Structure formats: C-alpha cells, structure tokens
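Asks: Following this message is one structure expressed as structure tokens.
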Amino acid sequence: MHDRPRERLDRLDAPALADAELLALVLRTGGRGRDALDLARSLLERHAGLRGLARAGTSELCAAPGLGPAKAASLRAAFEIGRRVAARPLEAGRPIRSPADLHDHFAAHLRDAACEQFLVVLLDGRHRVLRSEAISRGTLTASLVHPREVFRPAIRAAAAAVVLVHNHPSGDPTPSREDQEITRRLARAGEILGIRVLDHVVVAEAGYRSLREDGLFDEDPPGDPTGHRVDRR
Numbered sequence: 000m001h002d003r004p005r006e007r008l009d010r011l012d013a014p015a016l017a018d019a020e021l022l023a024l025v026l027r028t029g030g031r032g033r034d035a036l037d038l039a040r041s042l043l044e045r046h047a048g049l050r051g052l053a054r055a056g057t058s059e060l061c062a063a064p065g066l067g068p069a070k071a072a073s074l075r076a077a078f079e080i081g082r083r084v085a086a087r088p089l090e091a092g093r094p095i096r097s098p099a100d101l102h103d104h105f106a107a108h109l110r111d112a113a114c115e116q117f118l119v120v121l122l123d124g125r126h127r128v129l130r131s132e133a134i135s136r137g138t139l140t141a142s143l144v145h146p147r148e149v150f151r152p153a154i155r156a157a158a159a160a161v162v163l164v165h166n167h168p169s170g171d172p173t174p175s176r177e178d179q180e181i182t183r184r185l186a187r188a189g190e191i192l193g194i195r196v197l198d199h200v201v202v203a204e205a206g207y208r209s210l211r212e213d214g215l216f217d218e219d220p221p222g223d224p225t226g227h228r229v230d231r232r
C-alpha cells in the first residue's frame, strides 16, 4: 500500500513529493467520489501543470468537477504565498541599480499573469525606491497608459524619477512597437514635468528586456545608475 501524501511529506520532506501530491495537501479533500490526489491530478492535466494552474482564476478553477469556491480560494492563496516568497522585496529606500533588480522583484507576480499589467516604480533623487503603483490592467494601449495616470502618483510622492514595468503574457519579453511608442510618449511627458523616465522593463516567462539597454533612450547623464551592464535572464 502506497503512503498518502501527508505520510510521504513527514517521511521524505516536501522536495520529494510530486506536484500532484503537494497539490493534494493544499486541497485536503477530493469530491464526487475522488480523493484529493485524484482531484489534484485532474487539475494538473486540465491546466497543463502547475504554471497553468497558477494562472487560473476562480471561475476557471470552479469549472473543474469536485472543486468549489473554498478549494479555489485555498489554491489561489497558496500560489500567491509562493509568489511572495519568490519575489525579492522592493523595499523603500533601496536603490535601483539595474533592470535585473526590477525583474527579481516583479517576475514572480507578472510572468504568469493572464493579462498585461502596467506599473510604475517611483524613485527619489538618488534613484531609491519610494513605492510602486499599479496603473492599468489589460492590453497595453496609449489610452490605458495615459501620462496623467502614470505621473499622478509620482507628483503626489514628489518623485524625481520613475521606472516603467509591464508584462507580456505571451512569454516573450521582446518590446512591441506599441511598447516603444508609449515609452517615448511618457518620456517626453516626464521631461515637461521634471520627472525622468529612467527605463521601461518588460517582464515575461522567458526573461526580461530593458528598453534602455535596447537603445530606446538616447543617452544617460554621467553617473546615472541605470547605465548598467546587461544581465539577461
């Protein structure tokens, strides 16, 4: 007789367990004549693995036989805990020295997101983090990412500079023409306001791209800490 997931966890520790066994421990019980392990295997097959399951919303999860709102909430909470553990903290007062710093913080949350999300990181005069702000969700367009929405929190926080961050759900971080056009537009608006746009970092499953490293911005002033060496992920 095979050990149940909890017994295997106690005996072998978590790294030894299969994805379905770990998922069964979160679900705790099955449904409709199936135990938790059968339900876990069904969910993994239905969503093509843990990464696909992590992207699923409540309605998608509840569409699976034997899984209701309570179990869906447990799953979504477990995946969010994992993202928060994986993310490198973006602490107030910490300087941003490279696009990799932004990738290390945002990748866990953004690379698996089902839709595009656009955020702005507010920085002080020494390019230290003040905070980050979510600006929009949905397909990135000039109408969604309007300068007034991007710079309103920067003005309120008396930020000296900002870094733009968004994700590509396709998994490819290559900046689109729309990404480039929006970046130029926001950079021009920032010049008028006296709030410099230092970079625009695109995060995806395959890694990240920095539009500054790609040459979209003309040049950096002496000593600008965003003039870093490339650190592709």
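Numbering that gives the first Met the number 0 puts the first residue of the sequence shown at 0, with every later residue one more than the last.
Even for Gly, the Cβ is constructed at its ideal location relative to N, Cα and C.
The model shown is predicted, which means the values in this text are computed figures rather than measured ones.
(1) So for ARG231, helix, strand or coil by DSSP?
(2) Return the chain-ordered list of same chain residues with a C-beta closer than 6 Å to the C-beta of PHE105, the five sequence neighbours on each side being excluded.
(3) Beta-carbon separation of ALA158 and LEU121 under 7 Å?
(4) Does the Cβ of GLU212 have 16 or more other Cβ atoms within 10 Å, making it buried, or fewer, making it exposed?
(5) Ends of the beta strand (DSSP E) at GLU132?
(6) Given this structure, state the Cα-to-Cα distance separating GLN179 from LEU210, to the nearest angstrom.
(7) Check whether the segment 61-73 and the segment 30-42 touch, using three or more Cβ-Cβ pairs below 8 Å as the test.
(8) Is the segment 145-159 close to the segment 72-92, with three or more CB pairs under 8 Å?
(9) So, helix, strand or coil for ARG7, using DSSP?
(10) Whole angstroms is fine: what's the gap from PRO4's alpha carbon to LEU24's?
(11) Taking the alpha carbon of HIS108 as the reference point, which residue from ASP123, ARG75, ARG127 has its own alpha carbon closest?
(12) By Cβ distance below 7 Å, which residues in the same chain neighbour VAL128 in space, the five residues on each side in sequence not counted?
(13) Going by other Cβ atoms of all chains shown within 10 Å of its Cβ, with 16 needed for buried, is ARG208 buried or exposed?
(14) Between ALA160 and LEU118, is the Cβ-Cβ spacing less than 7 Å?
(15) Suppose contacts are defined by Cβ-Cβ distances below 7 Å. Is GLN116 in contact with ARG136 by that definition?
(16) Between the Cα of PRO168 and the Cα atoms of GLY51, VAL84, GLY32, GLU190, which residue gives the shortest distance?
(17) Compare the Cα-Cα distances from PHE78 to each of ALA69, GLY67, PRO68, LEU49 and report the closest residue.
(18) Check for me: the beta strand (DSSP E) holding HIS199 runs from which residue to which?
(19) So what does DSSP say about ARG31, is it helix, strand or coil?
(20) May I ask which residues mark the beginning and end of the alpha helix (DSSP H) holding VAL144?
(21) Return the CA-CA distance between GLY234 and ALA156, expressed in angstroms with no decimal places.
(22) In whole angstroms, give me the CA-to-CA distance for ARG10 and ALA47.
(23) If you reduce the DSSP assignment to three classes, tell me which class PHE105 lands in.
Replies: Reading from the atomic positions:
(1) For this step, residue 231 is matched to residue 232 along the sequence shown. Bear in mind that the predicted position of ARG231 carries a pLDDT of just 35, short of 50, making it unreliable; the figure below should be weighed with that in mind. If DSSP states are grouped into helix, strand and coil, ARG231 belongs with coil.
(2) Within the sequence shown, residue 105 is the residue found at index 106, counting from 1. Hits under 6 Å: VAL164, VAL202.
(3) Start at 1 with the first residue of the sequence shown, and residue 158 comes out as number 159. Start at 1 with the first residue of the sequence shown, and residue 121 comes out as number 122. Cβ atoms of ALA158 and LEU121: closer than 7 Å.
(4) Residue mapping note: residue 212 aligns to position 213 of the sequence shown, counting from 1. So GLU212 ends up on the buried side.
(5) In the sequence shown, residue 132 corresponds to position 133, counting from 1. 128-136 is the extent of the beta strand (DSSP E) around GLU132.
(6) The count along the sequence shown starts at 1 and reaches residue 179 at position 180. The count along the sequence shown starts at 1 and reaches residue 210 at position 211. In a straight line, the C-alpha of GLN179 is about 8 Å away from that of LEU210.
(7) yes
(8) no
(9) On the sequence shown, position 8 is the one that residue 7 refers to. In this structure, ARG7 counts as helix in the three-state DSSP scheme.
(10) As a working mapping, residue 4 is identified with position 5 in the sequence shown. As a working mapping, residue 24 is identified with position 25 in the sequence shown. Computed Cα separation, rounded: 7 Å.
(11) As a working mapping, residue 108 is identified with position 109 in the sequence shown. The shortest Cα separation from HIS108 among ASP123, ARG75, ARG127 belongs to ARG75.
(12) Residue 128 sits at position 129 when you count from the first residue of the sequence shown. Once the five neighbours on either side are set aside, the close Cβ partners of VAL128 are LEU89, GLU90, ALA91, GLY92, ARG93, ILE95, VAL120, LEU122.
(13) As a working note, residue 208 is residue 209 in the sequence shown. Answer is buried; the Cβ neighbour count reaches 16.
(14) One-based indexing of the sequence shown puts residue 160 at position 161. One-based indexing of the sequence shown puts residue 118 at position 119. Not closer than 7 Å, so no.
(15) Numbered from 1 along the sequence shown, position 117 holds the residue referred to as residue 116. Numbered from 1 along the sequence shown, position 137 holds the residue referred to as residue 136. Yes, the pair counts as a contact, with Cβ atoms nearer than the cut-off.
(16) One-based indexing of the sequence shown puts residue 168 at position 169. If we check each option's Cα against that of PRO168, GLY51 comes out closest.
(17) Start at 1 with the first residue of the sequence shown, and residue 78 comes out as number 79. When only C-alpha atoms are compared, the closest one is LEU49.
(18) The residue labelled residue 199 in the question sits at position 200 within the sequence shown. It spans 195-203 - the beta strand (DSSP E) in which HIS199 sits, taken as one unbroken run.
(19) Locating residue 31 in the sequence shown gives position 32, where the first residue counts as 1. Of the three classes helix, strand and coil, the one that applies to ARG31 here is coil, per DSSP.
(20) As a working note, residue 144 is residue 145 in the sequence shown. Run containing VAL144: none; DSSP gives neither H nor E here.
(21) Nothing can be reported for residue 234: it is not among the residues displayed for the chain, which extend from 0 to 232.
(22) Position 11 of the sequence shown, counting from 1, holds the residue named residue 10. Position 48 of the sequence shown, counting from 1, holds the residue named residue 47. Using only the alpha carbons, I get a separation of about 28 Å.
(23) For the purposes of this step, residue 105 is taken as the residue at position 106 of the sequence shown. Residue state, collapsed to three classes: helix.
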